[in-house]
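Protein chains in written order, with our numbering: chain A, 56 to 294; chain B, 634 to 855. Where is the CB? At the ideal position from N, CA and C, for every residue including glycine.
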């Protein structure tokens, strides 16, 4: 069953350049898709479209039956996004940032949600510190908390390990494993096979705007994935 | 609380915490008023037209400092994406940013206008309610155009240089009407004499506010 997220025949063109060429796939609730691809493969564009920040040239996306173009507000309520940009205000404290974002989603008790999430990402002792004073790892942890304020059913992660040191990356991996255990559907976009494979239940390869490979994680070992990746990445120029 | 109020509250709180925009506008406005005052021979009086011109040149030139800040603040860490990802409508976002600009320019004017009367004579101080009305209408027009163009230029690397180039040509008609109405207020003219200009100012504000609502989604998207 792949009825939680449906992406159908998605195309995106930027002034004649085709970033996505008919991407189609589906995910079931609780799926954890790791999407690999070289730079320029269209990974961030795909995530941008699913996250509603980029408009598709054509194609259709639905989450739990909510269509992206017909019901954008309902669609957005299902989403959480973590990217290599924190989307956090440096001049505000960690608590203020989370309360602000939680309030935008009209939660009943934004402060309670913010405090709970700060405990989850182990930043509660620093709740009154300004984000501008945080390290890259702390920002990324707070960014995870920000993405979870609306308890999203679909979490999108765009190169979340970018710029993280080993400790911060290990903590993020731990948090992603926890998300997986909570039956959230997750899409992680990365070009790093090691990070991407850790929690995945499905793996995909995007090359030259096409989804050229998609398989359940338990049917793919690292060697096969590497071989597929190299085959398609090297074939990019001909695609 | 709606998205509009949340964004308005956040931005005003940020300004209250670090009042860069208002202090910048007030300081620049003071400087302009003093420099222009030095050009007037001692003991001579200026006409209401010149007075109105000096006042609005000062306000429009200094207000650009504040207008560019409201959207560029959302640029850091791509916070604009965070707002666009939330279920807040683009209309609420534009209205909140515009309201922030109106409030910030008004705050700066609360210091600039009294200094104008101190430096250029209280003979111009004829009708405070009408002057306040003109100031508010002009601010709405400035804020609508400024918010839209600061959203466009916020995505560029030279936004503070680009914004005046786009902003001033579009506000020139509004400035000229505002100067005309203000000079008539300074002369003590009856409201009926300039009420038609007030309607034009209202229309100007409505048109650019409407344009902002229509275009912001395209401007900040992608």
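| Asked | Found |
| --- | --- |
| Considering only the alpha carbon of each residue, which of A:166, A:78, A:178, A:244 lies closest to residue 62 of chain A? | A:78 |
| For residue 847 of chain B, is the classification buried or exposed, using 16 other Cβ atoms within 10 angstroms of its Cβ as the cut-off for buried? | exposed |
| Could you compute how far the alpha carbon of residue 794 of chain B sits from the alpha carbon of residue 800 of chain B? | 11 Å |
| Within 10 angstroms of its Cβ, does residue 688 of chain B collect 16 or more other Cβ (buried), or is it exposed? | buried |
| Between which residues of its own chain and residue 292 of chain A is the CB-CB distance below 8 Å, once the five residues before and five after are set aside? | Annotation note: pLDDT 46 at residue 292 of chain A (below 50); position unreliable, no value reported. |
| Alpha carbon to alpha carbon, how far is residue 642 of chain B from residue 258 of chain A? | 43 Å |
| Checking 8 Å against the spacing of the C-beta atoms, do residue 703 of chain B and residue 635 of chain B come in under that value? | no |
| Could you tell me the boundaries of the alpha helix (DSSP H) in which residue 130 of chain A lies? | 127–132 |
| Quick test of your reading: residue 231 of chain A and residue 254 of chain A, contact by CB under 8 Å. State the CB separation rounded to the nearest angstrom. | 5 Å |
| Hey, could you find the ends of the alpha helix (DSSP H) residue 653 of chain B is sitting in? | 653–671 |
| Give, in chain order, every residue of the region 753–785 of chain B whose Cβ lies closer than 7 Å to some Cβ of chain A. | none |
| Tell me the rounded alpha-carbon separation between residue 125 of chain A and residue 657 of chain B. | 44 Å |
| Taking its Cβ as the centre, do 16 or more other Cβ atoms sit within 10 Å of residue 851 of chain B, making it buried, or is it exposed? | exposed |
| Starting from residue 146 of chain A, find everything on chain B with Cβ-Cβ shorter than 7 Å and list it in chain order. | 647, 650, 651 |
| Have a look at the DSSP bridge pairing and note the partners of residue 271 of chain A. | A:257 |
| Apart from the five residues on each side of it in sequence, which residues of its chain come closer than 6 Å, Cβ to Cβ, to residue 19 of chain A? | In the structure as shown, chain A begins at 56 and stops at 294. Residue 19 of chain A is therefore absent and cannot be evaluated. |
| Step through the CB atoms of chain A and report whether any lies within less than 8 Å of the CB of residue 720 of chain B. | yes |
| Can you tell me the Cα-Cα spacing of residue 743 of chain B and residue 804 of chain B, whole angstroms? | 21 Å |
| Of the residues B:651, B:701, B:838, B:669, which one's Cα is nearest the Cα of residue 789 of chain B? | B:701 |
| Going by beta carbon distance, what residues of the same chain come within less than 6 Å of residue 117 of chain A, once the five residues before and after it are set aside? | 61 |
| How many Å lie between residue 85 of chain A and residue 218 of chain A at the Cα? | 27 Å |
| So which of A:260, A:200, A:176 has the shortest CA-CA distance to residue 285 of chain A? | A:260 |
| Relative to the C-alpha of residue 121 of chain A, which candidate in A:233, A:269, A:208, A:70 has its C-alpha closest? | A:208 |
| Give every residue of the same chain whose Cβ lies closer than 7 Å to the Cβ of residue 173 of chain A, excluding the five residues on either side of it in the sequence, and list them in chain order. | 149, 150, 153, 179, 182, 200 |
| Using the C-alpha atoms, what's the distance from residue 102 of chain A back to residue 299 of chain A? | This structure gives no information on residue 299 of chain A, because the portion of chain A shown stretches from 56 to 294. |
| Assess, as a yes-or-no matter, whether the region 157–165 of chain A is touched by the region 666–681 of chain B under the definition of 3 or more beta carbon pairs within less than 8 Å. | no |
| Look at residue 89 of chain A and residue 243 of chain A and say whether their C-beta atoms are less than 8 Å apart. | yes |
| Roughly how many angstroms lie between the CA atoms of residue 74 of chain A and residue 137 of chain A, to the nearest whole one? | 21 Å |
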